[in-house]
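Here the structure is laid out as structure tokens; the discussion comes afterwards.
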Amino acid sequence: MKPVGPIGVEAIRAARPRIAGTAIRSPLLPLDVPGAPCELWVKLECLQPISSFKVRGATNALALADPALIARGVYTGSAGNMAQGLALAARRLGVPCRVVVPATAPRNKLDAIARLGATAVPLPFDEWWNVLRDHGHPSEDGHFVHPVSDPAVIAGNGTVGLEIVEDLPDVRAVVVPYGGGGLSCGIAAAVGAVRPGVPVFASEIETAAPFAAALNAGCPVEVGHTHSFVDGIGSTRVLDEMWPLASASLAGSRVVSLEDACTAIRVLFERGRVVAEGAGGTSVAAALKGLPGIGEGPVVAVVSGGNIDAGVLRKILEGRMP
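Convert by adding 7 to the 1-based position in the sequence shown; the result is the number in our numbering.
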């Protein structure tokens with residue numbers, strides 16, 4: 008696939024009015040955590056209408072698509088959150104939506120897909136990952152919206168970055184969960200344009216950290232993937248078309264453990280009454296471990312989603328590992 012080129016801040020600014028009727032300007036709040044190595048702020052994308060940032064990119068992508076092209080339907084590949092974002096955007100346009108999901112997708116996300124009127128098509132994880140790698144599936148019809156590398160999706164995601172630098176002008180660093188790079192690269196494009204020199208770090212989970220491995224190797228490499236409650240991020244490889252953009256845009260990757268993610272989810276709930284899913288907790292976990300060269304200045308952790316199974320959340324709040 009052709010590498011994704013730089014995303015201009017003009018495209019990100021242009022996305023704002025397109026998504027304004029669907030996505031909210033999510034709160035950016037301080038989180039008081041005793042002993043934290045920095046002044047921690049959290050960008051609560053978990054409070055979006057579908058409890059995930061994905062509504063931004065999906066809405067922008069469909070707003071820019073040819074109406075004749077999407078009339079017969081749209082589809083994507085998603086573990087759950089992009090599925091809901093595209094389903095909501097498609098429902099508002101009155102077009103059918105199908106979602107290719109990994110067979111390991113949690114029940115709560117599958118129920119949300121159905122509730123929004125879309126159809127889930129489960130596939131084994133490796134076959135599902137091929138949908139993202141190949142930009143589609145031969146058995147599916149309709150317009151494919153890539154959940155990560157579609158420039159319109161990345162531009163929609165980048166609106167998060169504009170809001171961060173407007174609401175916290177003295178931000179020193181931003182930490183963003185890394186699934187495929189669409190959110191982190193979009194935020195980095197916006198932050199870099201408005202506040203040059205402010206680094207954007209990726210956060211990854213130890214059970215599958217392809218970006219950290221790629222940075223170490225100097226190119227995308229295959230990594231192991233272990234299924235866990237952190238289901239919104241983690242793959243076997245950085246997408247080839249995203250590698251040039253991600254490696255140039257992001258300041259590095261901070262890999263956290265499952266225990267770190269659990270602690271962050273508990274901290275968010277206990278200190279802020281915020282419900283975060285596993286992926287959304289990794290950015291807070293990374294910030295609490297400390298970022299190189301940042302010091303105590305304001306650090307923003309993007310809580311990317313809140314679609315966590317109630318049983319999983321209960322175990323975490325009880326101090327157990329799901």
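Just so you know, even glycine gets a beta-carbon here, dropped at the ideal spot from N, CA and C.
(Q) According to DSSP, is Ile120 part of a helix, a strand, or is it coil? (A) Counting from 1 along the sequence shown, the entry for residue 120 is found at position 113. Note: Ile120 maps to helix in three-state DSSP.
Q.
For Ile77, which residues in the same chain have their Cβ closer than 6 angstroms to its Cβ, ignoring the five residues on either side in sequence?
A. As a working mapping, residue 77 is identified with position 70 in the sequence shown. So the qualifying residues of the chain are Val102, His150.
Q | Selection from Arg140, Val152, Ala94 that minimises the alpha carbon distance to Thr126 | A | Here residue 126 refers to the residue found at position 119 of the sequence shown. Among Arg140, Val152, Ala94, the Cα nearest to that of Thr126 belongs to Ala94.
Q | Straight-line Cα distance separating Gly225 from Leu71 | A | Within the sequence shown, the letter at position 64 stands for residue 71. Within the sequence shown, the letter at position 218 stands for residue 225. If I take the Cα positions, the gap works out to 34 angstroms.
Q. So who's on the other strand from Lys50, going by DSSP bridges?
A. Position 43 of the sequence shown, counting from 1, holds the residue named residue 50. Beta-bridge pairing links Lys50 to Leu35, Val309.
Q) By Cβ distance below 7 angstroms, which residues in the same chain neighbour Pro34 in space, the five residues on each side in sequence not counted? A) As a first step, residue 34 must be located in the sequence shown, where it is residue number 27. Taken in chain order, the residues that qualify are Leu51, Leu54.
Q | N-terminal and C-terminal residue of the beta strand (DSSP E) that Ser290 is part of | A | What you label residue 290 is simply residue 283 of the sequence shown in a count that begins at 1. Counting along the chain, Ser290 falls outside any beta strand (DSSP E), though it belongs to the alpha helix (DSSP H) covering 285-296.
**Q.** Met8 versus Gly143: straight-line alpha-carbon distance, rounded
**A.** If you number the sequence shown from 1, residue 8 lands on position 1. If you number the sequence shown from 1, residue 143 lands on position 136. Approximately 12 angstroms, taken between the alpha carbons.
(Q) Just to confirm the assignment: which complete beta strand (DSSP E) runs, minimum length 3, are found wholly within the region 205-263? (A) 207-212, 260-263
Q. To which residues does DSSP link Ser59 through a beta bridge?
A. Locating residue 59 in the sequence shown gives position 52, counting from the first residue. Ser59 is bridged to Gly312.
Q.
Given a cut-off of 8 angstroms on the beta-carbon distance, is the pair Asn164 and Leu130 in contact?
A. The residue labelled residue 164 in the question sits at position 157 within the sequence shown. The residue labelled residue 130 in the question sits at position 123 within the sequence shown. Not in contact: Asn164 and Leu130 (Cβ atoms no closer than 8 angstroms).
Q: My understanding is that Ala286 touches Gly312, with C-beta atoms under 8 angstroms, so please give their C-beta distance in whole angstroms.
A: Mapped onto the sequence shown, residue 286 falls at position 279. Mapped onto the sequence shown, residue 312 falls at position 305. About 6 angstroms; that satisfies the 8 angstroms criterion.
(Q) Rounding to the nearest angstrom, what Cα-Cα distance links Val106 and Glu248 in this structure? (A) Mapped onto the sequence shown, residue 106 falls at position 99. Mapped onto the sequence shown, residue 248 falls at position 241. Straight-line Cα distance between these residues: approximately 22 angstroms.
Q. What are the uninterrupted segments assigned as alpha helix (DSSP H) that are 4 or more residues long and contained completely in the region 111-185, given in chain order?
A. Within the region 111-185, the complete alpha helix (DSSP H) runs of at least 4 residues are 114-122, 132-141, 158-174.
Q. Under 8 angstroms between the Cβ atoms of Gly288 and Ala268?
A. To locate residue 288, count along the sequence shown from 1; it is residue 281. To locate residue 268, count along the sequence shown from 1; it is residue 261. Yes, they are a contact pair.
**Q.** Span of the beta strand (DSSP E) around Gly84
**A.** In the sequence shown, the residue the question calls residue 84 occupies position 77. Counting along the chain, Gly84 sits inside the beta strand (DSSP E) bounded by residues 81-84.
**Q.** Secondary structure of Arg202, DSSP reduced to three states
**A.** Reading the sequence shown from its first residue, position 195 is the one you call residue 202. The answer is coil: DSSP assigns Arg202 none of H, G, I, E or B.
Q. Thinking C-alpha only, which one of Gly188, Leu257, Ile212 is nearest Asp157?
A. For the purposes of this step, residue 157 is taken as residue 150 along the sequence shown, with counting starting at 1. Residue Gly188 is the option with its Cα nearest to Asp157.
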